[in-house]
Each structure stands twice: as structure tokens, then as C-alpha cells.
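Novice:
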Amino acid sequence: MLYAVLSGFVVAALVPWLHWLFRSHIGWVLAVLPASLTVYFASMIPAVSGGEIIFQQWAWFPGMDIHLGFTLDGLSLLFALLISFIGTFVMIYAGGYLKGHPALGRFFVVMLSFMASMLGLVLSDNLIALFVFWELTSITSYLLIGFNHDNEDARKCALQGLFVSVIGGFFLLVGMMLLGIYGGTYSIAELLTDSGDWMSAAPVALIIICVLGGTFTKSAQFPFHFWLPNAMAAPTPVSAYLHSATMVKAGVYLMARLNPAFGEEMLWTLALTGFGAVTMFVGAWLSYTHTDAKKVLAYSTVMALGTLTMLIGIGTHYAMIAFSAFLLGHSLYKGALFMIAGAIDHEAGTKDLSRLGGLRKLMPWTAAAALVAALSLAGVPPLFGFIGKELMLEAALSAGPLQALALTLAVVSAMLTAAIAAVIALKPFYGPRLDTPKKPHEAPLSMLAGPVVLAAVSLLFGLVPGLPETMLVTAAVTAVAGVPLDFYLSLWHGFNLPLLLSAVGLSGGALLFFWWDRSREPLRRLMDRLDRFAPETGYFKALDGIVWLCDWQTRLLQNGKMGNYMIVLVMTTVVVVGYTLAAQHGIRFTLDWQDINFYEMAIVALLMVTAVFATTTRSRLGAVATMGVLGFMVALIFILFSAPDLGITQVLVETLTVILLVLVLFRLPGFARYSTLFEIFRDGFVAVSFGLLMTMLVLATLDARMFEPISSYFIEAAYPEALGRNIVNVILVDFRSLDTLGELFVLGIAALGVYSMLKLRAEKLND
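Here it is as C-alpha cells:
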């Protein structure tokens, strides 16, 4: 499985060469990879459907006991097959849709990386690896959405999707780290197996909130749903792949994967059921109010994502079965419908449903595929979408405390979905022929293969539901529920309440379809009024707030004054390091004066006097001389404590420093006071605070010695390894030679700088 994931990145690296070699046939050539992956994963169906879980592991960071593991069970196999199977036709479709585009090679590089990232995400057993692939899908989708980077809207929409998903990714990272810390492992399989052992001590509510923060933003749950329709700025092949099998399904996948651990938590079930039901209705309603084919389909994807989230939250046996069947059905018909929308736009020059009509005779294959896929979207028998919808309504009848909300919104959403399915299937192809910007004709084979095959599979699975049940759905249900469930899929379960509710949805959808033309203008006015309270409006206001905050802090903290920069850096260090020191070590003042000699106290007093004089004198020369005295006192301390070499070095350094400063300051203008009294006391407070912090850190370091001092090593190794008996010289010249060389370079550069200034000054005087 590792090689299956890496193959996408490897082929992506070869795309520029392949594009040069195969030109207009590049889509067919690149489709070989996902087709091969489809065959590979399909070969695993017998083992997985028989209850086997295939696990593969490679050492990643052995020192930290972190391994790169991949798991193939019913859930990951279902997603892997959808990603590779639909990806095959998306590659072919993209080659025809973007034929002749100058950046086609770049497109396929990112597209293959996107596919590989999604495969890695659904197969990963390691939380860290899953998060890496999670972020890779965000980055690659950003590049795909903004593919037409010359278009300002495309850039804006790409950034919007990236911002929302990255913010959610931050929450997800926190949740995953908490899972790994409290679970004692980063293996998802081990966390789910031993969930009862670690959940009692873990902050479960915080983990759930963090995980849902990541999954809700990724899968466009209300109120984060607005970014997904805006992602339609991407080329249609991207939209088809993103909405059917990748990216937006990542959040749904992770919720389903973690459901065995959190399925009994009230916060988990209520949050998923409530937000999922609301997202389902909002997506269906907004889909009904638009006329752009891609926007209509995008909002219907929001509806489907909300439905899947609601089903995970309900958590009953019927809900788990409905989740797997609805997921499979949605992927098939949504991929087909997006490719059909792109084909209409490509051949007719518009994707506005209100401007299309009478295309059936000009585009017969497209019309047939659209009809079958739309019937599956509406949930009409004998399409597989009908089975998923009926199971969803059955699950909504047992939604626990939120049953009334879930059932009501499910039925209303079914009506709206049936109406938009009728609009998509009938409006462009039937009725009077309307003028379009381009003369329509049937799409080429590369753009027809995907819709026809996906629509045919949806019909086949509906007519023979036992086929997907035994191959995919049963194992996926077991993985999501955590236990094997006994069920069977069928088009006919007798006359029951879900069948009645399904009929109500179709009847209501028919009425809404006939009212669609007359409702557009009232709905537009209504939506204009509601837009002021829409989540997207809040998003833009939040961006404006961030810009204002950045402007304010720039004026306050980054105003070009070096003094302000130093104060901010120093006080930040004092607060952060000081708090850590007080919390982790404590501040203890224990003074012992017994071993302190009189001359040592005199030196310390002289140091303090010189420091105060240097900061208060109005003479630059006096300040420099005083600082030199301070340095000489430090050298005297070295000598008194048996370090004459260090003392000599200190004297030489201080002498050279004083000479350099005197030469520089001699050329500067006279002393002037630019600071106010408040600024003087402020700077004094900052300096004293930093000095106290450094003093306490030194004392804490001496007090909290955790290892034997390194001095014993230098004493033992000085002569045998460096052939020197002067240990200080050996340290400076041999053990820390690079550090000493760096100091020499610093002094040399400073000397060159002073010489250059003096030379420049002399030349000006001569001129």
C-alpha cells in the first residue's frame, strides 16, 4: 500500500516528460495509474469482505517508536476504490476538457499529487501520517481551485478554501496529539481497540471538539459550508473529483473512522446529528435557489455531506448501513453529473440552466447519462440512489432526541433534491431549443466515458443490490459500526413508512420543479436579504478584523523604532521564560554570606556603581570608560577564581572594545537627550527585569544540576586528546575551535568597519 500511495507522487514527477511525449493523449496515458490501482484494490475485495483486515507497517522514526502504517478494511477499501476508480475517468475527462491548455502538464502534476494524498489519508493507520496527508490534500486542492491563477475570483476562492481548511487543520492537529498522548499510541487501530482503557482519563469533550473542528471545515458542514460552492472556480475535472471521491469526503471519512471510539459519547452523537441535519437542509435549499449548474451540484454535495454526517451521528444499525450505501451512491452519480455539467459548458458555452434547453437531439449520450444520474440523485427506483435514500429515511426515524429535527429536515431535503435533480435532467435537454453562445454538439469520447460508465454502474448496483452489498457495503458497515451487522440491500422491502416518506419527497419535488422558473426572482430577492446574515459574510468580516488587528499591532509594535523592537523582544522573553521558571522550578532566595570575602563584596559593589554611572552619565566617553572598568572588574573576578587565562582574555577584549568605541564615538555629534522621563524609567524597568531574569536563570541552573558537570571530561581529555595541559586554552583552541574562530571573525569585521568609517571620514575631509 505504501507503493500504491507513492506511485501517484512518482508519476506526478514524470508528468512534464510524459506530457511532452504524448501531448493530447496524456489523459488516457495517466489514467493507466488509477486504473491499475483500481485493479490492485479490487483484488483485495475477497479478503476484506471475508472479514480480514490487511495491515502493513514500515519504520518511520524508530527512535521515537513511530511507524508508518497502512490499514485496509471495509471503510478504507471503499474509499480507495472510489478514489482510484473515479480518478481513472477524471484523468481521461481532464485530458479532453483541457485539451490544448498551455498549463495542462502543471494541472496533471497537482491532480496526481492530490489523488495520492487522498489515498494516503484513507489508508493511513498512523495519526501523524494521516495529518500529513490531510494537509497535503488542502495544499493540492488550493492549487487546483486556483489553477486559473490569472482570474482574481479563482485566487480568492482558492485562498478561502485554504484558510478554512487550515484553521480546521489546526484544531485537528490538537485533537490528534491529545489522542496520541492519552491513548499512548499514534496507531488508529490500537486506539479504537483499546478505547475503553484511555477514554476514562482523557479530556474526551475537548478531543471531540478539536476533531470536529477539523472534519466540519474539511467536509463543509454548516456554518463552514460556504467555501465548497466557491471552489467551483476550479476547472470542472477538479470539481468532479473533489465532490465525488476526494477532499470533502476526507472529513466524513475521519468521522466514520473514529466513530467506534466516540459513538457512545452524547456530545459526538448530538453534534453530528444536529449539524449534519442542518447542513443537509441548507445545502438542498441553496441548491434549489441557484441556476448555475456547477453551483447547483456543489450545494447538493453540501446536502449529501450533511446527510452522511447526520447518519454517523445517529449511529444506529440502519444509520451505519445507510451511511455506506448513501456514500457509494452519491460518489457515482455526483461524479457523473459534474462531468455532464462540464460537457454542456464545454460544448454549449454556458452552464446557466435557465439559458439551456432542447439539447437532447444534439447531445443524446450526454442527455441519457444525465437522466440516469439525476434519477439516482433524486432517489428514484431502480437506481442505487433510491436504496441509499430509503435507508437514510429509515435511520432518521430512529434519530433519538433529535428525531423530529432529523426526520423533518430529511423529508424537506428529499423534496428539494428531487426538484433540483429534475432541473438538471430535464431543463437543459428537453423543451424548446434555446440559443447558446456556442453551437452545441456531442462531447468527445474522453468526456463521455466517465458519465456513461458511472451512471451505468449506479443503475447496475440498483438492479443488483446484492453486488455492492457483498463486495463493499457489508465490510464498510462493519468498520464504521465497530461490530458486524446482519442486513441485506434490496429495492423492495414492502410497504412501510420510509417508502411512504420517499414517495412524499418525490411528489413534493415534482411540485417544486414545476414552480422553479417562477420562483427564481422571489428567491433571489430573499437570498439578497439573507446574505447579510450568511456565514460567508461573517468570514469576510473576520478577515477585515484580522487586517485591522494587523494594522494596529504594526503601528504599535513594528513602527520602525529599534527601541520598541528591543523592548517587545526582551519583555516577551521575561514574561514567557519567567513564568516557566516560576512554574517549573520556583523562585527561591537563599543567601549565604559565610564564604564571601570582603574584597569580593568590594568588587561587586564597584560593578554596581560603574553600571549605574554608565547608564546615568551624559558623557559618552565617560560611559565607555566606565564600561571598560566594569569589564576589568569581571577580569579580576576570573583571576581571583583561578582563571588567569580568562582574565587576560577579558582584559584584551575590553581594551580593544574600549578603543574601538572611543574611535567611533569621537566622530559622533554631541550628547542630546531624546527620551522623556517616562521612557527613561520604562527602559530602566525593562533592563532591571531582564537582568533579574538572567540572574535567576543562572542560579536555577546551578541549583538544578541534572547531570555531572562537563568540566571533569575536559580535565581528563585535555592532555590525551589535545596534548595540552592548559585546560582553558585547550577548550578554546581545540574543543571549541569553531566558536573561537567565529569570535575572531566578529572582532575582525568590527575592526574593518571602524577602519572603513575612519577612512571614509578622512577622504571627505581631504575633499
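According to my numbering, the sequence shown is numbered sequentially starting from 566. Glycine included, each C-beta is placed from N, C-alpha and C at the ideal position.
#1: Between which two residues does the alpha helix (DSSP H) holding Leu962 run?
#2: On the DSSP bridge list, what partners appear for Ala1021?
#3: I believe Leu924 touches Ala934 by the beta-carbon criterion, under 8 Å. Please report the beta-carbon distance rounded to the nearest angstrom.
#4: Distance check for Met928 and Met742, CA to CA, integer angstroms please.
#5: With distances taken Cα to Cα, identify the nearest neighbour of Arg1089 among Phe1098, Phe1178, Thr854 and Leu1032.
#6: Taking all protein chains shown into account, decide if Asp762 is buried (16 or more other Cβ within 10 angstroms of its Cβ) or exposed.
#7: For Ala624, list the residues DSSP reports as bridge partners.
#8: Would Ser730 pass as a contact of Lys783 if the rule is Cβ separation under 8 Å?
#9: Assuming Ala1014 contacts Ala938 (C-beta within less than 8 Å), just tell me the rounded distance between them.
#10: Please identify the residue among Tyr1164, Leu1010 and Ala961 whose C-alpha is closest to the C-alpha of Pro1063.
#11: Would you list the residues sitting across from Asp917 in a DSSP beta bridge?
#12: Using the three-state DSSP reduction, which class does Ile886 fall into: helix, strand or coil?
#13: Check Asn691 in the structure and name its three-state DSSP category.
#14: Residues in its own chain within less than 7 Å of Ser608 by CB, not counting five upstream and five downstream?
#15: Can you tell me whether Ala668 is buried or exposed, with buried defined as 16 or more other CB within 10 angstroms of its CB?
#16: What do you reckon, is the C-beta of Leu642 under 7 Å from a heavy atom of the ligand ATP?
#17: When you compare only the Cα positions, how much space is there between Leu1171 and Val1139?
#18: How is Ile619 classed by DSSP in three states: helix, strand or coil?
#19: Can you tell me whether DSSP reads Ser752 as helix, strand or coil?
#20: Identify, in the order they occur along the chain, each residue of the same chain with its Cβ nearer than 6 Å to the Cβ of Ala1178, setting aside the five sequence neighbours on each side.
#21: Quick check: the Cα distance between Ala975 and Thr780, rounded to an integer number of angstroms?
#22: Select from Ser1184, Gly740 and Val597 the residue whose C-alpha is nearest the C-alpha of Ile651.
#23: Could you give the DSSP three-state label for Leu637: helix, strand or coil?
#24: Is it right to say Asp638 is buried, meaning 16 or more other beta carbons lie within 10 angstroms of its own, or is it exposed?
#25: What residue from Val867, Tyr806 and Leu586 has the CA that sits closest to Trp792's CA?
#26: Leaving out the 5 sequence neighbours to the left and right, which residues in its chain are closer than 8 Å to Leu663 when beta-carbon positions are compared?
#27: Put His1150 into one of helix, strand or coil per three-state DSSP.
#28: Here's a check: name, in chain order, each residue in its chain whose Cβ is nearer than 8 Å to the Cβ of Thr1001, leaving out the five neighbours to either side.
#29: Just curious, the alpha helix (DSSP H) that His808 is in, first and last residue?
#30: Have a look at Leu643 and Ser804 and give me their C-alpha separation to the nearest angstrom.
#31: State the Cα-Cα distance for the pair Gly1031 and Tyr1053, rounded to the nearest angstrom.
#32: Quick check on the burial criterion: 16 or more other C-beta atoms within 10 angstroms. Buried or exposed for Asp1268?
#33: Determine the closest residue to Gly953 out of Leu972, Leu981 and Ala887, with distance taken between C-alpha atoms.
#34: Measure the C-alpha to C-alpha separation of Ile618 and Tyr883 and round it to an integer number of angstroms.
#35: By Cβ distance, which residues of its chain are closer than 7 Å to Tyr864, with the 5 residues on each side in sequence left out?
#36: So, is Gly950 buried or exposed, given that buried needs 16 or more other C-beta atoms within 10 angstroms?
Specialist: Reading off the structure:
#1: Here Leu962 belongs to no alpha helix (DSSP H), and DSSP marks it neither H nor E.
#2: None; Ala1021 has no bridge partner.
#3: The beta carbons of Leu924 and Ala934 sit about 13 Å from each other, so the pair does not count as a contact at 8 Å.
#4: Between Met742 and Met928, the C-alpha separation is close to 53 Å.
#5: The candidate whose alpha carbon is nearest that of Arg1089 is Thr854.
#6: By the neighbour-count rule (16 or more Cβ atoms within 10 Å), Asp762 is not buried but exposed.
#7: For Ala624, which the question treats as bridged, DSSP gives the partners His632.
#8: Yes, the Cβ-Cβ distance between Ser730 and Lys783 is below 8 Å.
#9: About 14 Å; that fails the 8 Å criterion.
#10: If you compare the alpha carbons of Tyr1164, Leu1010 and Ala961 with that of Pro1063, the shortest gap goes to Ala961.
#11: Its beta-bridge partners are Asp857.
#12: Note: Ile886 maps to helix in three-state DSSP.
#13: DSSP places Asn691 within a strand segment (E or B) once states are collapsed to three.
#14: For Ser608, where only same-chain residues beyond five positions count, there are no Cβ hits under 7 Å.
#15: Ala668 is exposed by the Cβ-count criterion.
#16: The ligand content of the structure shown is nil, which means the ligand ATP is not present either.
#17: If you take the alpha carbons of Leu1171 and Val1139, they lie about 27 Å apart.
#18: Under the three-state reduction of DSSP output, Ile619 falls in the strand class.
#19: Three-state result, Ser752: strand.
#20: With the sequence shown as reference, residue 1178 is identified as Phe, and Ala is not the correct amino acid for it. The beta carbon of Phe1178 is closer than 6 Å to those of Thr1191 in its chain, skipping five residues each way along the sequence.
#21: The alpha-carbon atoms of Ala975 and Thr780 are separated by roughly 22 Å.
#22: Measuring from the Cα of Ile651, the nearest candidate turns out to be Val597.
#23: Three-state DSSP puts Leu637 in a strand.
#24: With 16 or more other Cβ atoms within 10 Å, it is buried.
#25: That would be Val867, whose Cα lies nearest to the Cα of Trp792.
#26: So the qualifying residues of the chain are Leu669, Phe672, Pro800 and Pro802.
#27: His1150 falls in the coil class under three-state DSSP.
#28: Cβ neighbours of Thr1001 beyond the five flanking positions: Ala913, Gly914, Thr915, Arg920 and Leu921.
#29: Taken as a continuous stretch (DSSP letters only), the alpha helix (DSSP H) holding His808 covers Thr801 to Ser809.
#30: Leu643 and Ser804: Cα-Cα distance of roughly 20 Å.
#31: For Gly1031 and Tyr1053, the distance between alpha carbons rounds to 7 Å.
#32: Counting Cβ neighbours within 10 Å, Asp1268 comes out exposed, since fewer than 16 surround it.
#33: It is Ala887 whose Cα lies nearest to the Cα of Gly953.
#34: Each residue's Cα considered, the two are about 23 Å apart.
#35: Correct list, in chain order: Pro794, Gly848, Leu851, Ser852 and His855.
#36: Answer is buried; the Cβ neighbour count reaches 16.
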